Amino acid sequence: KQEVTQIPAALSVPEGENLVLNCSFTDSAIYNLQWFRQDPGKGLTSLLLIQSSQREQTSGRLNASLDKSSGRSTLYIAASQPGDSATYLCAVRLGTQGGSEKLVFGKGTKLTVNP
Amino acid sequence: DARVTQTPRHKVTEMGQEVTMRCQPILGHNTVFWYRQTMMQGLELLAYFRNRAPLDDSGMPKDRFSAEMPDATLATLKIQPSEPRDSAVYFCASGLTRGALGLFFGEGSRLTVL
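Just so you know, the protein sequences line up as chains A and B, in that order. Residues in the first sequence are numbered consecutively from 24, following the numbering used here. Residues in the second sequence are numbered consecutively from 142, following the numbering used here.
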């Protein structure tokens, strides 16, 4: 059974700091991995999606990497801002051929960026 | 701006009552998912549909939960009878099979069962 773990559960940093959020998964047979952001009381907003054949994806100040063999992904946030404060969740889509569309989620890392 | 729409946003009900949550997926998306989020368990998949056909509802308590897609623009999740342990935020998400953009989530329906 695929399990997704995110450590730490919470992280507090001063504004301007570069930071890394970690995600690990137990079964490397994934189709893709997606990072989401969730603000309090809101739904999930997709940030980046990495296909299983890719190593990384970038969007603005965000960079996500994927190492399937070791079952790890990282989300790098450069020059953090108070507006980045949110819970960040990673999710893996099961199945190497894309036949299963289930996403298995980690429990998230709650990020606080202090001004 | 295409988005997944969920109603109601908030629902407070008493134990034993029927609850129906509705979702309008993004037009053109062929997969629809129902997830439940709690502090303890995080996000759990309840059911999902592809081209309106139910593919997996193994995460749902079958005796009280049911999920349907009467047409391509509407998905429903029904709880009957509701119990306090059903209190959670229920999310609907839609996407495309083999889509490169992943899943799009609605704002959620926050259910409180007293």
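Built from N, CA and C at the ideal position, the CB exists for glycine as well. From a predicted model like this one, the values you see are computed outputs, not experimental measurements.
Starting from glycine 236 of chain B and walking both ways along the beta strand (DSSP E), at which residues does that stretch end? For the purposes of this step, residue 236 of chain B is taken as the residue at position 95 of the second sequence. Its beta strand (DSSP E) spans residues 229-236.
Find the residues of chain A that neighbour leucine 242 of chain B, judging by a C-beta separation of less than 8 Å, and give them in chain order. Taking the first residue of the second sequence as 1, we reach residue 242 of chain B at position 101. Neighbours of leucine 242 of chain B on chain A, chain order: Ser69 and Leu72.
For glycine 243 of chain B, which residues of its own chain have a beta-carbon under 8 Å away from its beta-carbon, when the five flanking residues on both sides are left out? In the second sequence, the residue the question calls residue 243 of chain B occupies position 102. Within the same chain, glycine 243 of chain B has close Cβ partners Gly236.
By a C-beta neighbour count over all protein chains shown, 10 Å radius and 16 as the cutoff for buried, is glutamate 224 of chain B buried or exposed? Stepping through the second sequence from its first residue, residue 224 of chain B is reached at position 83. It is exposed - the Cβ of glutamate 224 of chain B has fewer than 16 other Cβ atoms within 10 Å.
With DSSP as the reference, label arginine 205 of chain B as helix, strand or coil. Reading the second sequence from its first residue, position 64 is the one you call residue 205 of chain B. Here arginine 205 of chain B sits in coil by DSSP.
Cβ of leucine 196 of chain B within 9 Å of any chain A Cβ: What you label residue 196 of chain B is simply residue 55 of the second sequence in a count that begins at 1. By the rule that beta-carbons nearer than 9 Å mark a contact, leucine 196 of chain B touches chain A.
Continuous beta strand (DSSP E) stretch holding alanine 30 of chain A: start and end: Counting from 1 along the first sequence, the entry for residue 30 of chain A is found at position 7. Checking the sequence, you will find isoleucine at residue 30 of chain A rather than alanine. First-last of the beta strand (DSSP E) with isoleucine 30 of chain A: 27-30.
Beta-bridge pairing of isoleucine 53 of chain A - partner residues as DSSP gives them: Here residue 53 of chain A corresponds to residue number 30 of the first sequence, with the count starting at 1. DSSP lists A:Leu117 as the beta-bridge partner residues of isoleucine 53 of chain A.
Beta carbon of threonine 110 of chain A nearer than 9 Å to that of arginine 60 of chain A: Here residue 110 of chain A corresponds to residue number 87 of the first sequence, with the count starting at 1. Here residue 60 of chain A corresponds to residue number 37 of the first sequence, with the count starting at 1. Yes, the Cβ-Cβ distance between threonine 110 of chain A and arginine 60 of chain A is below 9 Å.
Could you list the residues in the region 76-96 of chain A with a C-beta less than 7 Å from some C-beta on chain E, going in chain order? In the structure shown, chain E cannot be found, because the protein chains are A and B.
Three-state secondary structure (DSSP) at proline 63 of chain A? Within the first sequence, residue 63 of chain A is the residue found at index 40, counting from 1. Here proline 63 of chain A sits in coil by DSSP.
Measure the beta-carbon distance from tyrosine 189 of chain B to phenylalanine 206 of chain B and round it to whole angstroms, keeping in mind my assumption that it falls under 8 Å. Here residue 189 of chain B is taken as the residue at index 48 of the second sequence, counted from 1. Here residue 206 of chain B is taken as the residue at index 65 of the second sequence, counted from 1. The Cβ separation is near 13 Å, so there is no contact.
Below 8 Å, can you find three or more Cβ-Cβ pairs linking the region 148-162 of chain B to the region 246-253 of chain B? Touching, per the Cβ criterion.
Please name the residue in A:Asn137, A:Gln104, A:Gly131 and A:Val136 whose C-alpha comes closest to that of serine 47 of chain A. Within the first sequence, the letter at position 24 stands for residue 47 of chain A. It is A:Gly131.
Check for me: the beta strand (DSSP E) holding serine 88 of chain A runs from which residue to which? Here residue 88 of chain A refers to the residue found at position 65 when the first sequence is read from its first residue. Per DSSP, serine 88 of chain A belongs to the beta strand (DSSP E) from 85-90.
Rounded to whole angstroms, what's the CA-CA distance from glutamine 57 of chain A to glycine 157 of chain B? Just pull it up for me. Position 34 of the first sequence holds residue 57 of chain A. Position 16 of the second sequence holds residue 157 of chain B. Going by the C-alpha atoms only, they are around 37 Å apart.
Which of the three DSSP states is assigned to proline 37 of chain A in this structure? In the first sequence, counting from the first residue as 1, residue 37 of chain A sits at position 14. Residue state, collapsed to three classes: strand.
Rounding to the nearest angstrom, what Cα-Cα distance links lysine 152 of chain B and methionine 180 of chain B in this structure? Residue mapping note: residue 152 of chain B aligns to position 11 of the second sequence, counting from 1. Residue mapping note: residue 180 of chain B aligns to position 39 of the second sequence, counting from 1. Near 18 Å, if we compare the C-alpha coordinates of methionine 180 of chain B and lysine 152 of chain B.
So, using beta-carbon positions, are leucine 218 of chain B and alanine 208 of chain B closer together than 9 Å? On the second sequence, position 77 is the one that residue 218 of chain B refers to. On the second sequence, position 67 is the one that residue 208 of chain B refers to. The answer is yes: Cβ separation under 9 Å.
Between the region 144-174 of chain B and chain A, which residues of the former have a C-beta closer than 7 Å to a C-beta of the latter? Only those residues of the region 144-174 of chain B whose C-beta falls short of 7 Å from the nearest C-beta of chain A are listed: Thr172.
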